[in-house]
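Enquirer:
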Amino acid sequence: MDKINPGSLALSVTLGLTLATAVSGEIITDDFSTYADQTAFEDVYEVTTTGPAVILQGNNESLRVDFSSSGDASVVRPEAFTVDAETPISIDLDIIGGSGAFAPTSFGIQSIDDESVRLIVQIQRRSDDVEVLVRNLNASFKNRVIASIANSNNYEATWRLSVGPTNVEVFHNGESVGANSHDLNYANYANGAQVFLSSSKGWSGGGTNVDNLKIEGTQVPEPSSLALLGLAGLLASRRGQH
1 MDKINPGSLA
11 LSVTLGLTLA
21 TAVSGEIITD
31 DFSTYADQTA
41 FEDVYEVTTT
51 GPAVILQGNN
61 ESLRVDFSSS
71 GDASVVRPEA
81 FTVDAETPIS
91 IDLDIIGGSG
101 AFAPTSFGIQ
111 SIDDESVRLI
121 VQIQRRSDDV
131 EVLVRNLNAS
141 FKNRVIASIA
151 NSNNYEATWR
161 LSVGPTNVEV
171 FHNGESVGAN
181 SHDLNYANYA
191 NGAQVFLSSS
201 KGWSGGGTNV
211 DNLKIEGTQV
221 PEPSSLALLG
231 LAGLLASRRG
241 QH
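Everything in the sequence shown is counted per the UniProt record's numbering, starting at 1 for the first residue and increasing by one.
1) Work out the CA separation of residue 113 and residue 94 for me, nearest whole Å.
2) Determine whether the beta carbon atoms of residue 134 and residue 170 lie at a separation below 9 Å.
3) In terms of residue numbering, what span does the alpha helix (DSSP H) encompassing residue 32 cover?
4) Tell me where the beta strand (DSSP E) around residue 122 begins and ends.
5) Could you tell me the distance, in whole angstroms, from the CA atom of residue 222 to the CA atom of residue 76?
6) Count the C-beta pairs between the stretch 175-190 and the stretch 28-36 that are closer than 8 Å, then say yes if the count reaches three, no if not.
7) Between which two residues does the beta strand (DSSP E) harbouring residue 208 extend?
8) Note down the Cα distance separating residue 130 from residue 143, rounded to an integer number of angstroms.
9) Can you look up residue 49 in the DSSP assignment and give me helix, strand or coil?
10) CB residue 216 to CB residue 91, shorter than 9 Å?
11) On a Cα-Cα basis, can you pick out the residue from 39, 79, 154, 74 that is closest to residue 192?
12) Enumerate in chain order the residues of its own chain whose CB-to-CB distance from residue 177 is below 8 Å, with the five nearest sequence positions on each side excluded.
13) Taking the alpha carbon of residue 165 as the point to measure from, which residue in 88, 73, 194 has its own alpha carbon closest?
14) Between the beta-carbon of residue 209 and the beta-carbon of residue 97, is there less than 9 Å?
15) Does DSSP put residue 39 in a helix, a strand or coil?
16) State the start and end residues of the unbroken beta strand (DSSP E) segment that holds residue 76.
17) Residue 26 and residue 218 look like a contact to me (Cβ under 8 Å); what is the Cβ gap, rounded to whole Å?
This is the structure:
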């Protein structure tokens with residue numbers, strides 16, 4: 001990973017850490033207040049950068065991506081979530097500041113086996129509106145504008161990406177602003193999906209500040225949990241034979 005170098009543009013991410021039991025409807029939130037330092041943060045999150053630096057801000061409990069030139073950064077949660085035709089997943093976050101179309105905020109899911117296989121919502125503040133795109137890097141690239149929201153100040157809002165059996169839907173402050181089929185090949189997510197946040201900068205534009213990441217979904221059971229379930233089943237079977 002690139003060394004941390006302060007820059008002029010920022011992506012601040014404030015996320016509450018609450019882990020529920022591994023059942024359907026599980027909720028994870030994170031506000032980054034529990035990490036003692038940068039090392040502790042990177043012990044949990046996978047950080048990948050090309051150009052910018054991802055810095056945990058201990059004084060205000062946030063995460064910042066600094067751009068000194070063009071590039072991109074991605075921050076990935078460690079948990080694996082089930083993604084199939086029967087198991088929905090949703091991701092919420094608050095965008096609380098940011099400057100533009102050439103440093104958009106993106107978030108979504110990626111295959112745990114191939115991070116290039118992603119379902120993405122990209123939110124761009126433009127001069128007089130907010131453009132919302134859905135991208136699916138599954139078997140082929142799709143780039144669909146599903147909403148154009150009047151007034152660029154609507155960029156700063158609570159956003160949700162909801163992934164269902166066949167459709168993806170985006171919400172702005174609790175109201176649906178667009179939906180489309182996602183055509184996911186669930187075989188690509190057979191071992192689960194991870195949630196990511198990313199920001200990139202082209203030749204102009206600024207950073208983005210976000211807050212309150214929330215994930216609702218079903219985690220893929222750990223191998224040790226599956227082994228315990230198998231052992232419990234075996235013991236129950238043996239008891240039934242006596």
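The beta carbon of each residue, even a glycine, is placed where N, CA and C say it ideally should be.
Expert: According to the structure data:
1) As the crow flies, the alpha-carbon of residue 94 is around 28 Å from that of residue 113.
2) Their beta carbons are under 9 Å apart, which means residue 134 touches residue 170 by this criterion.
3) Where residue 32 is concerned, there is no enclosing alpha helix (DSSP H), because DSSP gives it neither an H nor an E.
4) Here the beta strand (DSSP E) through residue 122 covers 118-125.
5) Cα to Cα, the separation comes out at about 18 Å.
6) Here the stretch 175-190 makes no contact with the stretch 28-36; the two share fewer than three CB pairs at distances below 8 Å.
7) Per DSSP, residue 208 belongs to the beta strand (DSSP E) from 208-217.
8) Rounded to whole angstroms, residue 130 to residue 143 spans 16 Å at the Cα level.
9) Three-state DSSP puts residue 49 in a strand.
10) Closer than 9 Å, so yes.
11) Per the Cα distances, 79.
12) The answer, listed in chain order, is 132, 146, 147, 149, 170, 171.
13) When only C-alpha atoms are compared, the closest one is 88.
14) In contact: residue 209 and residue 97 (Cβ atoms closer than 9 Å).
15) Shown here, residue 39 sits in a helix according to DSSP, grouped into three states.
16) Following the DSSP letters along the chain, one finds residue 76 inside the beta strand (DSSP E) bounded by residues 71-76.
17) About 6 Å separates the two Cβ atoms, so the contact holds.
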